[in-house]
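Participant: Residue numbers (UniProt numbering): 1 to 175. Here you go, one structure.
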């Protein structure tokens, strides 16, 4: 059994973590126990990713790691060594909003906006996942890990489906 001082010393140990964040190589010096969410917000100042429950239950901290949506409050930064991370700030390309971002604006798929970045990241991931059917029930199920305390679910669903239509057909959506 470790002495409390040994555990504390290990938690205070600083390590180097190399990540690719929003397409850019980044090197961070973090304590070995820092979660990805805190590294993104505190070290890289990417504050779009929100801290909600800190228990992986609300989805506000959703980011993509190697293209998969994850709760960044549950993943240690050191576990992401060499991996590609995309935050809500990295969804847009060449000055153009991602179809999900555009659809959220067009459909007022937010109220207070706190959950919006996580909702967008989950939506973008599900739209890239061929295993998730396009029907409303399947989208609701895939988005069920994201809580909106304001209750904007109807508009969020409409935005996701509109973004799907844009991504599949290249049209401007249903708005």
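Virtual Cβ for every residue (Gly too), placed ideally from N, Cα, C. As the structure is a computational prediction, the values presented were derived from the model and not from experiment.
Shortest alpha-carbon distance to residue 65 belongs to which of 76, 57, 55?
Facilitator: Position 65 of the chain shown holds residue 65. The residue with the shortest Cα to Cα distance from residue 65 is 76.
Participant: What are the complete alpha helix (DSSP H) segments, minimum 4 residues, inside the stretch 53-103?
Facilitator: DSSP runs (the alpha helix (DSSP H)) wholly in the stretch 53-103: none.
Participant: Give me the DSSP bridge partner(s) of residue 149.
Facilitator: Against the chain shown, residue 149 aligns to sequence position 149. DSSP, once it has assigned bridges, lists no residue as partnering residue 149.
Participant: If residue 92 and residue 83 are in contact, beta carbons under 8 Å, what's the gap, nearest whole angstrom?
Facilitator: Position 92 of the chain shown, counting from 1, holds the residue named residue 92. Position 83 of the chain shown, counting from 1, holds the residue named residue 83. That belief does not hold up - the Cβ atoms of residue 92 and residue 83 are roughly 21 Å apart, past 8 Å.
Participant: Does residue 13 have its Cβ less than 7 Å from a Cβ in chain B?
Facilitator: Chain labels in this structure do not include chain B; a single protein chain is all it has.
Participant: Identify whether residue 47 lies in helix, strand or coil by the three-state DSSP scheme.
Facilitator: Within the chain shown, residue 47 is the residue found at index 47, counting from 1. Residue state, collapsed to three classes: coil.
Participant: Looking only at its own chain, which residues have a Cβ that is under 8 Å from the Cβ of residue 16, when we skip the five neighbours before and after it?
Facilitator: For the purposes of this step, residue 16 is taken as the residue at position 16 of the chain shown. 27, 28, 29.
Participant: For residue 119, count neighbouring Cβ atoms within 10 angstroms of its own Cβ and tell me buried if that reaches 16, exposed if not.
Facilitator: Your numbering for residue 119 matches position 119 in the chain shown. Residue 119 should be labelled buried.
Participant: In the DSSP assignment, the beta strand (DSSP E) including residue 26 goes from what residue to what residue?
Facilitator: As a first step, residue 26 must be located in the chain shown, where it is residue number 26. Run containing residue 26: 24-31, per the beta strand (DSSP E) assignment.
Participant: On a CA-only basis, which of 141, 55, 95, 111 is nearest residue 122? Give me that one, please.
Facilitator: For the purposes of this step, residue 122 is taken as the residue at position 122 of the chain shown. Of the candidates 141, 55, 95, 111, the one whose C-alpha sits nearest the C-alpha of residue 122 is 141.
Participant: Which whole-angstrom value is the C-beta distance of residue 164 and residue 134, which I expect to be below 8 Å?
Facilitator: Along the chain shown, one-based indexing puts residue 164 at 164. Along the chain shown, one-based indexing puts residue 134 at 134. With 8 Å as the limit, residue 164 and residue 134 qualify as a contact, their Cβ atoms being about 6 Å apart.
Participant: So what does DSSP say about residue 168, is it helix, strand or coil?
Facilitator: Position 168 of the chain shown, counting from 1, holds the residue named residue 168. DSSP places residue 168 in helix when its eight states are reduced to three.
Participant: Which first and last residues belong to the beta strand (DSSP E) in which residue 35 is found?
Facilitator: Here residue 35 refers to the residue found at position 35 of the chain shown. Taken as a continuous stretch (DSSP letters only), residue 35 belongs to no beta strand (DSSP E), as it is neither H nor E.
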